[in-house]
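Undergrad:
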Amino acid sequence: MRLLRALGFTARSVQYYRAGPVGNESHIVVEVLIGGAWRMLDVTWRTWFQRSPDAMFDLASAAEAEGGLRRELTVRQDSSGVSAIIAAAAHTDVLAYLDQWPGKVVLRGQGGRVDLPLEPDGSGWVPRDVRNFLGRTLDHGKLAEGAVVLRLQRGVRAHGLRIAGPVQACRSGRLVARTHTNRFLGAVSLDDIGSGLRFRRPLKPREALLLSVEGPPDEPCYVVFQRVSPMPRQQRLVAGAHGSR
780 MRLLRALGFT ARSVQYYRAG PVGNESHIVV EVLIGGAWRM LDVTWRTWFQ RSPDAMFDLA
840 SAAEAEGGLR RELTVRQDSS GVSAIIAAAA HTDVLAYLDQ WPGKVVLRGQ GGRVDLPLEP
900 DGSGWVPRDV RNFLGRTLDH GKLAEGAVVL RLQRGVRAHG LRIAGPVQAC RSGRLVARTH
960 TNRFLGAVSL DDIGSGLRFR RPLKPREALL LSVEGPPDEP CYVVFQRVSP MPRQQRLVAG
1020 AHGSR
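Take this note's numbering: the final residue in the sequence shown is number 1024, and no numbers are missing along the way.
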């Protein structure tokens, strides 16, 4: 992607994540903007998708390759690379991330939503092989056009959240908690994020929780975390001074 940008092209990363039964997996491809359309290049597996066999330079986007249109596309793949040879010997489907990953998360240009599964002991959410920050960052020196939102799964009774190991990049932003129906739960200044986040009301068992960072649109503003844990009822009042604002 840096080479494409150095040549004057507009390029972005497309990142795939999923939480599987035996661990998490991830993969990243590149899209380059040509002729007003995004064109996908899988640099790792040296793969691209043409809209027709003869349209060598009319490449499809990652979204097109992910959907039902993939069957109508022409797959071009250089299988001479070491990684491709090893994958072929192991009978691995290197394109499984496009349509065979149940529950996958896709971030385009560092924007989108990340779903974190609950730890087996119910202690919280730990980012393993997935993004561990929220907000807007720099992408190889360029301000990313999107911001990541963290979605915590439904079925968890929580009266607040505790964020372990937080590091913030700007002091004018805040961490905001809403339900998936956009019900506002609470917000805390990034200056106070180390003490936790308090909700105005408990999270209902069937509600999903969305965490995002709001800050200046023209500068990086994000928070990095190691773990997000639900706070039980007796810890409901443990929060920062601005946690209920």
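We put the CB at the ideal spot given by N, CA and C, even for glycine.
Out of 908, 836, 824, state which residue places its alpha-carbon closest to the alpha-carbon of residue 875.
TA: Position 96 of the sequence shown, counting from 1, holds the residue named residue 875. The candidate whose alpha carbon is nearest that of residue 875 is 824.
Undergrad: Rounding to the nearest angstrom, what Cα-Cα distance links residue 891 and residue 884 in this structure?
TA: Your numbering for residue 891 matches position 112 in the sequence shown. Your numbering for residue 884 matches position 105 in the sequence shown. Between residue 891 and residue 884, the C-alpha separation is close to 8 Å.
Undergrad: Short check: CB of residue 877 to CB of residue 844, under 8 Å?
TA: Locating residue 877 in the sequence shown gives position 98, where the first residue counts as 1. Locating residue 844 in the sequence shown gives position 65, where the first residue counts as 1. Against a cut-off of 8 Å, the Cβ pair of residue 844 and residue 877 comes out as a contact.
Undergrad: With DSSP as the reference, please indicate the residues paired to residue 1001 in a beta bridge.
TA: Within the sequence shown, the letter at position 222 stands for residue 1001. 914, per the DSSP bridge assignment.
Undergrad: Within the continuous alpha helix (DSSP H) that includes residue 843, where are the two ends?
TA: The residue given as residue 843 occupies position 64 in the sequence shown. Unbroken alpha helix (DSSP H) run through residue 843: 841 to 845.
Undergrad: Short of 6 Å in beta carbon distance, which residues of its chain neighbour residue 1021, apart from the five on each side in sequence? Order them along the chain.
TA: The residue given as residue 1021 occupies position 242 in the sequence shown. Because the pLDDT of residue 1021 is 38, which lies under 50, any placement of that residue in the model is unreliable, and the number read from its coordinates should be weighed accordingly. Closer than 6 Å at the Cβ level, and outside the excluded window around residue 1021, lie 967, 968, 971.
Undergrad: Measuring only the C-alpha atoms, how far is residue 921 from residue 943?
TA: The residue given as residue 921 occupies position 142 in the sequence shown. The residue given as residue 943 occupies position 164 in the sequence shown. Cα to Cα, residue 921 sits roughly 28 Å from residue 943.
Undergrad: Take residue 991 and list the residues in its own chain whose beta-carbon comes closer than 7 Å to its own, dropping the five residues that flank it on each side.
TA: For this step, residue 991 is matched to residue 212 along the sequence shown. Counting only Cβ-Cβ distances below 7 Å, and skipping sequence neighbours, we find 913, 926, 928, 955.
Undergrad: Could you tell me the alpha carbon to alpha carbon distance between residue 846 and residue 820, rounded to whole angstroms?
TA: For the purposes of this step, residue 846 is identified with residue 67 of the sequence shown, where counting begins at 1. For the purposes of this step, residue 820 is identified with residue 41 of the sequence shown, where counting begins at 1. Near 16 Å, if we compare the C-alpha coordinates of residue 820 and residue 846.
Undergrad: Please name the residue in 830, 975, 957 whose C-alpha comes closest to that of residue 1009.
TA: One-based indexing of the sequence shown puts residue 1009 at position 230. Comparing Cα-Cα distances from residue 1009 to each of 830, 975, 957, the minimum goes to 975.
Undergrad: What's the gap between the Cα of residue 783 and the Cα of residue 993?
TA: Counted from its first residue, the sequence shown places residue 783 at position 4. Counted from its first residue, the sequence shown places residue 993 at position 214. Looking at the two C-alpha atoms, the distance is approximately 30 Å.
Undergrad: Contact between the stretch 862 to 873 and the stretch 788 to 799: three or more CB pairs below 8 Å?
TA: Verdict: no, contact absent.
Undergrad: Nearest-angstrom Cα distance between residue 812 and residue 788?
TA: The residue given as residue 812 occupies position 33 in the sequence shown. The residue given as residue 788 occupies position 9 in the sequence shown. Taking the straight line from one Cα to the other gives about 7 Å.
Undergrad: Which two residues bound the contiguous alpha helix (DSSP H) that contains residue 783?
TA: For the purposes of this step, residue 783 is identified with residue 4 of the sequence shown, where counting begins at 1. Element bounds for residue 783: 781 to 785.
Undergrad: Are the stretch 853 to 861 and the stretch 803 to 811 touching, with three or more C-beta to C-beta distances below 8 Å?
TA: In short, these stretches do not touch, since the Cβ pair count stays below three.
Undergrad: Can you round the beta-carbon distance between residue 1006 and residue 903 to whole angstroms, since I take them to be within the 8 Å contact cut?
TA: The residue given as residue 1006 occupies position 227 in the sequence shown. The residue given as residue 903 occupies position 124 in the sequence shown. Between residue 903 and residue 1006 the Cβ distance is about 5 Å, and since that is below 8 Å, they are a contact.
Undergrad: Let me know the secondary structure DSSP gives residue 988 once reduced to three states.
TA: On the sequence shown, position 209 is the one that residue 988 refers to. Strand at residue 988.
Undergrad: Looking only at its chain, what residues have a beta carbon closer than 6 Å to the beta carbon of residue 804, apart from the 5 residues adjacent to it on each side?
TA: Mapped onto the sequence shown, residue 804 falls at position 25. Closer than 6 Å at the Cβ level, and outside the excluded window around residue 804, lie 797.
Undergrad: How big is the Cα-Cα spacing for residue 834 and residue 886?
TA: Within the sequence shown, the letter at position 55 stands for residue 834. Within the sequence shown, the letter at position 107 stands for residue 886. Cα to Cα, residue 834 sits roughly 27 Å from residue 886.
Undergrad: For a test of the three-state rule: what should DSSP assign to residue 973, helix, strand or coil?
TA: If you number the sequence shown from 1, residue 973 lands on position 194. Here residue 973 sits in helix by DSSP.
Undergrad: Leaving aside the five residues before and after residue 999 along the sequence, list all residues of the same chain whose C-beta is less than 8 Å from its C-beta, in chain order.
TA: Locating residue 999 in the sequence shown gives position 220, counting from the first residue. 914, 915, 916, 917, 922, 948, 949, listed in sequence order.
Undergrad: Where does the unbroken alpha helix (DSSP H) through residue 822 begin, and where does it stop?
TA: The residue labelled residue 822 in the question sits at position 43 within the sequence shown. Careful: residue 822 lies outside any alpha helix (DSSP H) and carries neither H nor E.
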